[in-house]
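Written below as structure tokens is the structure these notes are about.
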Amino acid sequence: MPEKRIVLKNCEVINPKDINTYLERDGFKALQKARRDMTPQKIIDEVKASGLRGRGGAGFPCGLKLELAAKSPGDEKYVICNADEGEMGTFKDRYILSHDPFTLVEGIAITGQAIGARKGFIYLRAEYRYLLDTVQNAINQAKEKGLLSPFRVNLQGEPFDSEIRMGAGAYVCGEESALMDSIEGKRGEVRYRPPFPPTKGLFGKPTIINNVETLMNIPQIIFNGAPWFSAIGTERSKGTKVFSISGDVKRPGIYELVLGSKLRELVEELAQAESTRMVQVGGSTGRLLPYSMLDTPLAFENVLGAGAVMVFNQSRDVIDIVYRMMEFLCEESCGKCAPCRDGTQALVEILRRFS
24 MPEKRIVLKN CEVINPKDIN TYLERDGFKA LQKARRDMTP QKIIDEVKAS
74 GLRGRGGAGF PCGLKLELAA KSPGDEKYVI CNADEGEMGT FKDRYILSHD
124 PFTLVEGIAI TGQAIGARKG FIYLRAEYRY LLDTVQNAIN QAKEKGLLSP
174 FRVNLQGEPF DSEIRMGAGA YVCGEESALM DSIEGKRGEV RYRPPFPPTK
224 GLFGKPTIIN NVETLMNIPQ IIFNGAPWFS AIGTERSKGT KVFSISGDVK
274 RPGIYELVLG SKLRELVEEL AQAESTRMVQ VGGSTGRLLP YSMLDTPLAF
324 ENVLGAGAVM VFNQSRDVID IVYRMMEFLC EESCGKCAPC RDGTQALVEI
374 LRRFS
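Heads up: the sequence shown begins at 24 in our numbering, then just goes up one per residue.
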């Protein structure tokens, strides 16, 4: 059975500014294996067999997404890493980028190999500008070592390249279609779907969009094999999940748990919360669970979300918490859809009467 630390295995172990410390821990061997021993379809099959699902909240099967993009016609395809971590209470991707940017660079490159993409984008939220140099340095060092180029995704052997694009602080640009609009230089607004990104995404081309944590799993799956990854978790939720926990706890921070672990393990055993009244899982658009549901398994078939967990003790006013979260959603609404544009405003006005 794999160790519990899959995504965070290199965090606070390697030097995030020195690629040699990553190479000493089998860094980029998964990419070498994907190039040397595997066809693009074999890479896709491995990810499908692993059971990996997107860690951004929706939980869409990653292997199926890769297959859709690979089979979509087009001479140009893209890979996007969604590092626009704007959900309330979420800061796990910030920690990952700070401590292990190299695995992300490798994961993006392997994804490009699988679908035949020659270009990748890392969309970094505006508030993470201080991480720009760290991530760019990781890309530059990988290029200097010759680990990314030449990258033979077609007969011409054109090189794969990753580029960082900065967001401007819009919450809506964490949504994949609004994010693509932002990269294209437009105002970030949610697109009507279908078409979906794997068939028609960035600049109208087939595109894979995954968040930081999702892409961090790809090199581990390719290097160790699908059975290694799927050996832990539940029947429908494979692998581990990284959580950022904050609020009324003694030990806020980042924790990686096997999927299917009970919420109580995270809240009381690891974060050491006391006198808990309720827990919000999944950020501002997630679910509020009362203390009586603390034994709920953290899995896609129960509750999960993007990884944000906020704990509130008995001193907190539930109405006030919901009111403040609704104010946030009302302020950040892009205004495109009536239920969000008008509904959030109506809910704010209703909740204000209780305050």
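Yeah, the Cβ is synthetic: ideal placement off N, Cα and C, and Gly gets one too.
Taking 9 Å as the cut-off, the beta carbon of Val102 is found closer than this to the beta carbon of Ile138.
In the structure shown, Glu186 falls within a strand segment according to DSSP collapsed to helix, strand and coil.
Note on Tyr215: under 16 other CB atoms within 10 angstroms of its CB, so exposed under the neighbour-count rule. Boundaries for Cys360: no beta strand (DSSP E) harbours it, and the DSSP string shows neither H nor E there. One Cα belongs to Pro218, the other to Asp271, and the distance between them is close to 42 Å. Counting C-beta pairs closer than 8 Å gives three or more between the segment 239-259 and the segment 60-73, which meets the contact rule. A distance below 9 Å separates the beta carbons of Leu171 and Ala132. As the crow flies, the alpha-carbon of Lys285 is around 13 Å from that of Tyr278. Per the C-alpha coordinates, the member of Ser298, Leu225 and Val326 positioned closest to Arg310 is Val326.
Sixteen is the threshold: when 16 or more other Cβ atoms of the shown chains lie within 10 Å of the Cβ of Pro229, as they do, the residue is buried. The beta carbon of Tyr118 is closer than 6 Å to those of Ile277 in its chain, skipping five residues each way along the sequence. Listed as beta-bridge partners of Phe266 by DSSP are Tyr278. For Gln303, the secondary structure class from DSSP, reduced to helix, strand or coil, is strand. Bounds of the alpha helix (DSSP H) holding Asn163 are Leu155 to Glu167. In this structure, Asp116 and Glu108 form a Cβ contact; the two beta carbons are roughly 4 Å apart against a cut-off of 8 Å. Rounded to whole angstroms, the separation of the alpha carbons of Arg376 and Leu31 is 45 Å.
Rounded to whole angstroms, the Cβ separation of Asn240 and Asp123 is 13 Å, and the two are not in contact under 8 Å.
Secondary structure at Leu370: helix, using DSSP grouped into helix, strand and coil. The Cβ atoms of Cys363 and Leu352 lie closer than 9 Å to each other. Comparing alpha carbon positions, the residue from Lys261, Pro320, Thr263 and Thr308 closest to Val290 is Pro320. Gly143: member of the beta strand (DSSP E) spanning Lys142 to Leu147, first to last residue.
In this structure Ser307 touches Met111 by the C-beta definition: roughly 4 Å separates them, less than 8 Å. An exposed status is given to Gln337, since fewer than 16 other beta-carbon atoms sit within 10 Å of its beta-carbon. Around the Cβ of Gly262, a 10 Å sphere holds 16 or more other Cβ atoms; the residue is buried.
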